[in-house]
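Basically our numbering = 1-based index in the sequence shown + 54. Notes follow the structure.
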Amino acid sequence: MALRPGLRPLMLHVMNIQVLPLGLYEANCVLLWVDPACAWVVDPGADGEALLACLAQKGLTPGAVVLTHGHFDHISAVNALTARFPVPVYLHAADAAWAFTPANAMPGYRPTARPGTLDTGKREGDRLCCGGLEARVLHTPGHTPGGWCLHFEAGALLVAGDTLFAGSVGRTDFPGGSWEELEASLRRLKALPDETRVLCGHGPSTTLGVEKRSNPYL
Numbered sequence: 055m056a057l058r059p060g061l062r063p064l065m066l067h068v069m070n071i072q073v074l075p076l077g078l079y080e081a082n083c084v085l086l087w088v089d090p091a092c093a094w095v096v097d098p099g100a101d102g103e104a105l106l107a108c109l110a111q112k113g114l115t116p117g118a119v120v121l122t123h124g125h126f127d128h129i130s131a132v133n134a135l136t137a138r139f140p141v142p143v144y145l146h147a148a149d150a151a152w153a154f155t156p157a158n159a160m161p162g163y164r165p166t167a168r169p170g171t172l173d174t175g176k177r178e179g180d181r182l183c184c185g186g187l188e189a190r191v192l193h194t195p196g197h198t199p200g201g202w203c204l205h206f207e208a209g210a211l212l213v214a215g216d217t218l219f220a221g222s223v224g225r226t227d228f229p230g231g232s233w234e235e236l237e238a239s240l241r242r243l244k245a246l247p248d249e250t251r252v253l254c255g256h257g258p259s260t261t262l263g264v265e266k267r268s269n270p271y272l
């Protein structure tokens, strides 16, 4: 049956989403799944035991771990997770160069050891596929040199890390930050459809339409 103009194809599967604010800085860890045997874990930032307990409660087995950027509050529980589930951990090479060094420690967050399953080979435009979900990698530097967002086009969802927040954007005053690069990254995100839901690295979710109308940085 042909689609009427303006209608989109229906998704064949429902994407499940769970957001867990973890650690002193309440960084949002995002769980995404269609197939519970191959779930995505994005930014396991702290409280590894709480994260593992949540996965067990929901009957989820991770199939991939994605780090939107290398800051300590988004990566600190990665080894607790991969010790139990030795799955690929994706991080941009530019952030992997410093994320697992003592320079990335802060009070309350010890240095994070480099995961044995770390994969730094993904680049702008590559696609990650796991458990019936597919995301396009958007390299969005500015907050960090290797920051990226995950665009689930079929689900009209953007997992933005610390690139974009509800009403704000990521800081650029940390080492490796660049306001000029962040501005360019935000222009790219602004070109995505208004209905795109945005899961941010901290705080509440939003949509790109809301941010285009009300966020002064967009």
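Backbone N, C-alpha and C fix where the C-beta goes; we use that ideal spot for every residue, glycine too.
Exercise. Nearest-angstrom Cα distance between R58 and A153?
Worked result: A caution first: R58 carries a pLDDT of 35, below 50, which makes its placement in the model too unreliable to give a value.
For this session: Below 7 Å CB to CB, which residues in the same chain sit around L272 once its five sequence neighbours on both sides are set aside?
Result: L240, K244, E265 and K266
Exercise. Is V119 near V88, with beta carbons less than 9 Å apart?
Worked result: no
Exercise. Any idea if E235 is buried or exposed, counting beta-carbon neighbours within 10 angstroms, 16 or more meaning buried?
Worked result: buried
For this session: May I ask which residues mark the beginning and end of the beta strand (DSSP E) holding G117?
Result: P116 to V120
Exercise. Between which two residues does the alpha helix (DSSP H) harbouring L145 extend?
Worked result: For L145, there is no enclosing alpha helix (DSSP H), as DSSP marks it with neither H nor E.
Exercise. With 16 as the cutoff for other CB atoms within 10 Å, does W233 come out buried or exposed?
Worked result: exposed
Exercise. Looking at the unbroken beta strand (DSSP E) that takes in E265, where does it start and where does it end?
Worked result: Per DSSP, E265 belongs to no beta strand (DSSP E); it is in the alpha helix (DSSP H), L262 to S268.
Exercise. At which residue ranges does the stretch 75-132 contain complete beta strand (DSSP E) runs of 3 or more residues, listed in the order of the chain?
Worked result: 81-87, 93-96 and 116-120
Exercise. For the 8 Å Cβ check, are there 3 or more pairs between the stretch 206-214 and the stretch 172-179?
Worked result: no
For this session: Mind checking which residues open and close the alpha helix (DSSP H) that includes A238?
Result: W233 to K244
For this session: Report the rounded CA-to-CA distance for A148 versus A110, giving the unit in angstroms.
Result: Here the alpha carbons of A110 and A148 stand approximately 33 Å from one another.
For this session: Would you kindly report the start and end of the unbroken beta strand (DSSP E) that includes E207?
Result: That residue, E207, is in no beta strand (DSSP E); it is neither H nor E in DSSP.
Problem set entry | Sequence-distant residues of the same chain with beta carbon closer than 7 Å to R168, five excluded per side | F154
Problem set entry | Under 9 Å between C-beta atoms of E237 and G196 | yes
Exercise. So, L135 versus G102, is the Cβ gap smaller than 9 Å?
Worked result: yes
Problem set entry | Beta carbon of H128 nearer than 9 Å to that of F228 | For H128 and F228, no; Cβs fall outside 9 Å.
Exercise. Going straight from the alpha carbon of L187 to that of P247, what length do you get?
Worked result: 19 Å
Exercise. What are the boundary residues of the beta strand (DSSP E) that includes R190?
Worked result: L187 to H193
Exercise. Any idea what DSSP makes of L172, helix, strand or coil?
Worked result: strand
For this session: Find out if the Cβ-Cβ distance for the pair H193, R181 is shorter than 9 Å.
Result: No, these two residues do not count as a Cβ contact at 9 Å.
For this session: Measure the alpha-carbon distance for A208 versus M160 and round it to whole angstroms.
Result: 38 Å
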